[in-house]
Structure formats: structure tokens, C-alpha cells
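For the sequence shown, this note's numbering begins at 20 and goes up steadily by one.
What follows is a set of notes on a single structure, which appears directly below.
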Amino acid sequence: MVEITCVMIIPLHDYEARVARHFGNCSFDELFRAFSRIFIGALAYLVIDHFFALRILRSNIELIVFDWCRILRRNIELVQQGEPVPAKKPWENLTDEKRIEAFIRGTHQIELVIHKLVPSIARAYFDGSLPVLLSTDQECVLFLLGLRCYLVRQVKEVLHLTDDEILQHMRGVFRDVLDCFNTLSPEVVDEGSSGAVVAFVRASPMH
């Protein structure tokens, strides 16, 4: 017996007027993030076509990234005024960041980042917490490795990619994420009280 679940998601053009004004924490953005967190947490166990799951997750990534860009522009203005702006990174410590840099350079194997760092990057990207837009191929590889917990050989079978192509896509993902934070010109990088890596962004000195 096969169980089929049908999901229909449509935007309500007057959502803000009908719902959000009555519930301050029920904005469209908040609901999307809450749904994404629940959906992402279940993906490793759900029997669902990965292309269908990706379409669901992609539905508002561009909208959230646009909002992120607006927030970043505001933060850049604060930085230019000399105000430090914290920017939380989706990995736990500076050792992880060094491991990412080594993987991008090709001196670390994918196995050293796949079990811990790839899932954290995937969760942050697909719940709209990262102000970056990846290519379709990068999204597919990140989704299967990070959220579906596929092995590299399984990703090869599903996407018909070679080992080198998967490595290049993942290096591109990590490079884009690092570039995103590096463009904020962090002067001080430290580990916060929760263990998360936080970049305290300050204005770069004039030369």
C-alpha cells in the first residue's frame, strides 16, 4: 500500500491585512521560517522526491535574500558610522572556519566537512538565514548532502555527477558563504558566549 501526501502552497495577497495585523509574530517571513525549520528537520526521514522538496524550499529564498540585502545595506551604513555590527556565522568555532578554507583550497577531503559543516550550511541556506543565492546544481548537491544525509555515491547516482563535479559544487558553496561574510570587512572575529562564530564588523581603515 502506497501512501501519497499532496501539498498545496499558495500566497495570500492580503495575508498581512488578514492575519499578520492580528498576530505580531505571524508575519509571512516568520511563518516561512517556522515552516522551513520544521520541514528541514524532517527531510532526513521523509520519503519525498528531492526535486519537489527543493521547489518548496526555494519558494521564498529569493524574497528572504532580498530582505537580507536590505538589512545588510542598513548595517553597512552603521559600519560606516563606526558602529560594530555582529554577524553570526553558520559554524561553531574558528577551527571549523579554518577547515572550510582548507577544503576550498583542496587540502582537505570532503569527508572532513560533510558530516558537521555541510548540514549546518544547508540548514542556514534553506531556512533563509544566509544572504547568498546558489546555482541550481549547488543547491541540489547541498540539499542532498546536508538535508537528506545522502552519501557522495548516492548524490552521484541521483544527479549523474562525477566526484570532481560534486567537489567543485561544494567548494563553490563554501566559497560563496565565506565571501558573503568577508565582504562585511570584519575587523574582529571571535567566539561568542554560545560558541557560535561572530564577526564584529567595523569600518575598514582609510588608506
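The C-beta atom is built at its ideal place from N, Cα and C for all residues, glycine as well.
* Asked: So, do the stretch 156-163 and the stretch 109-117 have three or more beta carbon pairs nearer to each other than 8 Å?
  -> no
* Who are the Cβ neighbours of Ile-123 in its own chain at under 8 Å, not counting the five residues just before and after it? -> Working through the sequence shown from its first residue, we reach residue 123 at position 104. Excluding sequence neighbours, Ile-123 sits near Arg-190, Phe-193, Arg-194, Leu-197.
* Run of the alpha helix (DSSP H) containing Pro-109, from where it starts to where it stops -> To locate residue 109, count along the sequence shown from 1; it is residue 90. Element bounds for Pro-109: n/a, residue is neither H nor E.
* To do: Starting from the C-beta of Leu-186, find all residues in its chain whose C-beta is less than 7 Å away, skip the five residues before and the five after it, and write them out in chain order.
  => By 1-based counting over the sequence shown, the position of residue 186 is 167. Correct list, in chain order: Ile-129.
* **Exposure of Lys-108, with buried meaning 16 or more beta-carbon neighbours within 10 Å** => On the sequence shown, residue 108 is found 89 positions in, with the first residue counted as 1. By the 10 Å Cβ count, Lys-108 comes out buried.
* DSSP on Pro-205, reduced to helix/strand/coil? -> Position 186 of the sequence shown, counting from 1, holds the residue named residue 205. Caution applies to Pro-205, whose pLDDT of 49 falls short of 50 and renders its modelled position unreliable; the value that the coordinates give is listed next. Strand, per DSSP.
* 8 Å CB neighbourhood of Val-174 in its chain, flanking five on each side removed -> Numbered from its first residue, the sequence shown carries residue 174 at position 155. Within its own chain, the residues whose Cβ lies closer than 8 Å to the Cβ of Val-174, once the five positions on either side in sequence are excluded, are Val-160, Leu-163, Leu-164, Leu-180, Ile-185, listed in chain order.
* Of the residues Val-137, Phe-70, Arg-167, the one placed nearest His-188, counting alpha carbons only -> If you number the sequence shown from 1, residue 188 lands on position 169. Closest option to His-188, Cα to Cα, is Val-137.
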